[in-house]
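**Student:** Under our numbering, the first residue of the sequence shown is numbered 5, with each subsequent residue one higher. No residue lacks a Cβ here, since even glycine has one placed at the ideal position from N, Cα and C. Before anything else, here's the structure in question.
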Amino acid sequence: MMSLLDALSMLRRFRGYIAGAGGVGDMINALRWSVWYAVKWWLEARDAGMADRPVAKALYRSLLHHGYIDEGGRPVKRVEQPKRPRGPYAQEWLALHEAFDRAFPKILRGDVEAGRLVAESMQAQGWYKLWRDDFLEAAGFEGKRVLEAPLSAHNAVDIYSSRSPELYVGYAGSDEAVEDLLEVSSAVSVGQCPGSGICVFVAPSACEVADALGQLAPREVLLFNSLHWMPDPAKEVACLKRAAPGALFYVGQAVVETMPGFLAITSAAGAIHTFSRSEVEAALEAAGLRRRKLLLREMPFYAAVWSP
5 MMSLLDALSM LRRFRGYIAG AGGVGDMINA LRWSVWYAVK WWLEARDAGM ADRPVAKALY
65 RSLLHHGYID EGGRPVKRVE QPKRPRGPYA QEWLALHEAF DRAFPKILRG DVEAGRLVAE
125 SMQAQGWYKL WRDDFLEAAG FEGKRVLEAP LSAHNAVDIY SSRSPELYVG YAGSDEAVED
185 LLEVSSAVSV GQCPGSGICV FVAPSACEVA DALGQLAPRE VLLFNSLHWM PDPAKEVACL
245 KRAAPGALFY VGQAVVETMP GFLAITSAAG AIHTFSRSEV EAALEAAGLR RRKLLLREMP
305 FYAAVWSP
């Protein structure tokens with residue numbers, strides 16, 4: 005399930021998550037639940053004649069990669085229901101999958117809001133924050149002048165409160181996304197930026213506000229579980245590179261090789277793409293970046309540092 009490289013990296017760099025999950029055994033049980041639910045959801049989608057839905061396509065690609073189904077979508081491995089984990093964060097992870105399971109019939113019918121609510125709750129959970137924070141710590145993230153694309157309310161508030169950056173700036177594609185940010189923090193500048201604090205521009209793409217972002221001189225770009233929302237990731241990242249010349253890019257992304265249940269959850273709120281690791285790296289290279297440090301190949305997500 006996990007490559008030797010990722011297993012060693014988890015033991016070295018993600019000890020906080022492993023401890024919170026209840027140890028290695030509970031962490032592995034939690035990952036197995038993601039597979040068990042993914043097989044269940046795929047069979048439900050296939051049997052309902054909805055294998056062409058985006059969430060079903062994500063399940064198909066991941067389960068096929070991991071060898072749980074064949075190219076025709078037929079199960080080829082028997083997946084036993086795992087033991088319930090005991091660690092608090094592993095239990096939280098399982099509860100997320102259970103919530104998604106309850107919402108899956110609606111999601112399969114195209115109810116993006118049902119998927120969005122589950123994904124929103126995920127971002128507030130302890131294990132998700134530990135993944136993000138352990139990743140940033142392992143990557144050497146300084147957190148001084150940060151550009152997040154697109155800006156996530158949970159990431160902005162958490163990172164701003166824990167690292168006290170001079171600037172945390174980004175863009176949001178809708179007024180609704182800005183309202184979500186204002187609900188968790190009123191100290192946000194919208195549409196203009198004094199050069200410090202939390203700032204957000206309302207724009208569908210970094211390309212539309214690259215000049216305004218560039219005037220703020222961001223030094224670090226955070227792309228955490230966001231590439232699959234971008235219509236053209238290579239173009240978007242190229243605009244981010246123009247807005248933050250010389251900045252380091254911190255990339256954390258669920259990919260096809262990741263746990264299939266988790267991939268489905270991150271895809272169900274209206275994601276445009278499902279990427280493999282090689283597709284993520286190809287998009288970043290097409291934008292003119294080069295990989296400086298690989299932290300995780302695929303499990304529990306792809307994590308790396310890139311630069312111009």
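Under 8 Å, do leucine 364 and proline 198 count as touching if we go by C-beta distance?
**Tutor:** For the chain, the structure presents residues 5 to 312; residue 364 sits outside this window and is missing.
**Student:** Going by DSSP, name the residue or residues bridged to alanine 153.
**Tutor:** Bridge partners of alanine 153: none, in fact.
**Student:** Using DSSP bridges, identify the partner residues of lysine 297.
**Tutor:** Val309
**Student:** Could you name the residues of the same chain whose beta carbon sits closer than 8 Å to that of alanine 52, not counting the 5 residues immediately before and after it, in chain order?
**Tutor:** Result list for alanine 52: Leu112, in chain order.
**Student:** Measuring alpha carbon to alpha carbon, tell me which residue in Val259, Ala181 and Glu75 is nearest alanine 55.
**Tutor:** When each option's Cα is compared against that of alanine 55, the closest is Glu75.
**Student:** One question on the structure: do alanine 291 and alanine 238 come within less than 8 Å of each other, judged by their Cβ atoms?
**Tutor:** yes
**Student:** So is leucine 98 in contact with chain D if we call contact Cβ pairs under 8 Å?
**Tutor:** As a matter of chain content, chain D is missing from the structure shown, which is built from one protein chain.
**Student:** Smallest Cα separation from histidine 158: which of Gly130, Phe145, Phe139 and Cys243?
**Tutor:** Gly130
**Student:** Check whether the segment 222–232 touches the segment 127–147, counting contact only when three or more Cβ pairs, one atom from each stretch, lie closer than 8 Å.
**Tutor:** Taking a cut-off of 8 Å for Cβ pairs, the segment 222–232 and the segment 127–147 touch, as three or more such pairs fall below it.
**Student:** Is valine 173 helix, strand or coil when you go by DSSP?
**Tutor:** strand
**Student:** Cβ of glycine 26 within 8 Å of Cβ of arginine 90?
**Tutor:** yes
**Student:** With which residues is phenylalanine 228 paired in a DSSP beta bridge?
**Tutor:** Gly256
**Student:** Which residue comes first and which comes last in the beta strand (DSSP E) that contains cysteine 203?
**Tutor:** Element bounds for cysteine 203: 201–206.
**Student:** Could you please give the first and the last residue of the uninterrupted alpha helix (DSSP H) stretch that includes serine 193?
**Tutor:** Per DSSP, serine 193 belongs to no alpha helix (DSSP H); it is in the beta strand (DSSP E), 192–194.
**Student:** Looking at the structure shown, is proline 264 part of a helix, part of a strand, or coil, going by DSSP?
**Tutor:** helix
**Student:** For arginine 88 and leucine 67, I'd like the C-alpha separation in whole angstroms.
**Tutor:** Distance between the alpha carbons of arginine 88 and leucine 67: 22 Å.
**Student:** Just the C-alpha distance for glycine 177 and alanine 118, rounded to the nearest angstrom, thanks.
**Tutor:** 19 Å
**Student:** Closer than 8 Å is the cut-off here; do at least three beta carbon pairs connect the segment 161–168 with the segment 247–262?
**Tutor:** no
**Student:** Taking only runs of the alpha helix (DSSP H) that begin and end inside the segment 87–163, which ones reach a length of at least 4 residues, in chain order?
**Tutor:** 92–112, 116–127 and 130–143
**Student:** Under the assumption that alanine 153 contacts tyrosine 132 (Cβ atoms under 8 Å), give the Cβ distance between them as a whole number of angstroms.
**Tutor:** Rounded, the Cβ-Cβ distance is 18 Å, inconsistent with contact.
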